[in-house]
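Going down the list, the protein sequences come from chains B and X.
Here the first sequence is numbered in this note's numbering, starting from 8 and rising by one per residue.
Here the second sequence is numbered in this note's numbering, starting from 0 and rising by one per residue.
Built from N, CA and C at the ideal position, the CB exists for glycine as well.
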Amino acid sequence: MPPGAARHPTTVVDISDLTVRRGGRDVIPNLTLAIPAGQVVGLLGPSGCGKSTLIRSIVGTQRTRGGTVTVLGRPAGTRSLRHRIGYVTQAPSVYDDLTIVQNVRYFCRILGSSRGDIPRVVETTGLEPVQDRLVGTLSGGERSRLSLAVALLGRPELLVLDEPTVGVDPLLRRRLWEMFHDLADAGSSLLVSSHVMDEAGRCDRIVLMRDGGVLADDSPGALLTTTGAADVEAAFVALVGASASGRGSSQDASP
Amino acid sequence: MNARRTLATTARVLTQIRHDPRTIALLVVVPCFLIGLVAWIFSNGRAFQTIGPAMIAVFPFIVMFTVTSVITLRERRSGTLERLLALPLAKADFIVGYALAFALLAAIQVTAAVSFAVWVCGLTISGDVLLFFAAALTDAVLGTSLGLLVSAFATSEFQAVQFLPALVFPQILLGGLFLPRAQLPDVLHAVGDWLPLTHTMDAISAVAADSHGTGWVLDELAVAAAYAVGALLLGALTLRRRTP
């Protein structure tokens, strides 16, 4: 690939040769990836494959060892990007000893967005019935929706969501995915991670990760066609098998 | 730094604490209880007149140090700090916002402790009472700043609590609680000169006994305030937007 080929005007994230070392090993050895604008991109892979580390590298909270990460045309972690990215960490990062509205209001003041944004994000995430309850008394699903509500403040251009649908009931999960597509239709770009393979069908594009590398990066339909698999989980297994046999006979000989 | 974000952080911390009435009660009642206990122990004699002021220096300092380090550590561990640092929040907004909130709590606590010592336990303050309040408040704010700083070096609440005997008790001993500083061995006296708490303890005792001029007391408080600001600056430096 010629240099700059990934620098398509319609990409929001450009990653080249990213290396991240954590706890004495390269959890992301050498990763190159482009995330298109205006789509819902699913980042799928088993637990521990490096999804969160990749997400933290994009948001700019991860110390990296090599390579470049460009987000919305600027190096990841640049000060001006902090207004433009909505980030939901894997564990809901909200204050247990505040109510829902108090949480949202605080982050709203930090972002400097208008107060009218508070009811909007509370409503979008379906939290109005419990909006004056202390977060410590809420269920896990409600807490993660609050974390999501905070990320929606100020209508960020890029939303990076680390496992936002964990512990959410199926009806609400469907509503959240519809909301992700509404946001994409309104012009936002979304990167949504999940370790549940059956969420792949709800994405415009999926990035399959394994052992800190990209196994596949395609639309769900194209992925099934090229692998001949019936679903994404089967496609994942087929791709892992193909990459293992492709590494040579020494790999095949191991028990 | 930005005043709106700093004050929003202060308001948020105070709202959190308002939802925890037991912590507020402990903040106000515990120093009064301990000062009352000491006054009772020394009720036969005049020793309370010298130990009482030192108590007002020590207890709010300990309580503010502990409360601050644990609450700040909770923020570091819960993921909210990572989220905040990915937002347009300056590190100074965060640290100063916390410091202001705790300074307000310290003011409430010191008012209760000093009032209790003077009007209930009969502590005599020979110097200016307002100056005494100012010295006690500086002392409590110093405890807050040091608590904010050490929370950066603790990875669990257990460690944060251990910093109390490790970092605070030596300062109390060398600050002259059990043996007046003048009677300490030369080396320990010299070490004490460099410890933050010594300066507020000396200032508080000096105002209570009216043994030094106002200028001298203000100099001591200025040194203590410099330590507090230094601890806050160091605390801000320990906040990392990018973590391994």
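Bridge partners - Arg29 of chain B, DSSP secondary structure assignment: B:Arg32
Short CB-CB distance (under 8 Å) between Arg4 of chain X and chain B: yes
Neighbour-count burial assignment, Asn37 of chain B, 16 or more Cβ in a 10 Å radius: exposed
Spatially closest choice to Pro99 of chain B from X:Ala102, X:Ala10, X:Phe47 and X:Ser77, by CA coordinates: X:Ser77
Nearest-angstrom Cα separation, counted from Ile35 of chain B out to Leu61 of chain B: 8 Å
Proximal residues of chain X, C-beta to C-beta of Leu118 of chain B below 8 Å: Leu86 and Pro87
Backbone secondary structure at Gln138 of chain B - three-state DSSP: coil
Cβ neighbour criterion (16 or more within 10 Å) applied to Pro52 of chain X: buried
Extent of the continuous alpha helix (DSSP H) run through Met186 of chain B: Pro177 to Asp192
Inter-residue CB distance, Ile213 of chain B and Leu51 of chain B (contact presumed, cutoff 8 Å): 6 Å
Burial state of Leu236 of chain X, where buried means 16 or more other Cβ atoms lie within 10 Å: exposed
Cβ pair Leu165 of chain B, Pro87 of chain X closer than 8 Å: no
The segment 20–33 of chain X: positions lying closer than 7 Å to chain C by Cβ: The chain labelled as chain C is not found among the protein chains of the depicted structure, namely B and X.
Short CB-CB distance (under 8 Å) between Pro243 of chain X and chain B: yes
Cα-Cα separation, Asp211 of chain B to Gly49 of chain B: 8 Å
Cβ contact (3+ pairs, closer than 8 Å) linking the segment 30–50 of chain X and the segment 113–121 of chain X: yes
Touching by the beta-carbon criterion (3+ pairs, under 8 Å), the segment 99–110 of chain X and the segment 137–148 of chain X: yes
Candidates B:Gly161, B:Val111 and B:Gly123: closest to Gln138 of chain B by CA position: B:Val111
Three-state secondary structure (DSSP) of Asn1 of chain X: coil
Residue burial classification, Val186 of chain X (beta-carbon count within 10 angstroms, cutoff 16): exposed
Interface positions of the segment 167–200 of chain B facing chain X (Cβ-Cβ less than 7 Å), listed along the chain: none
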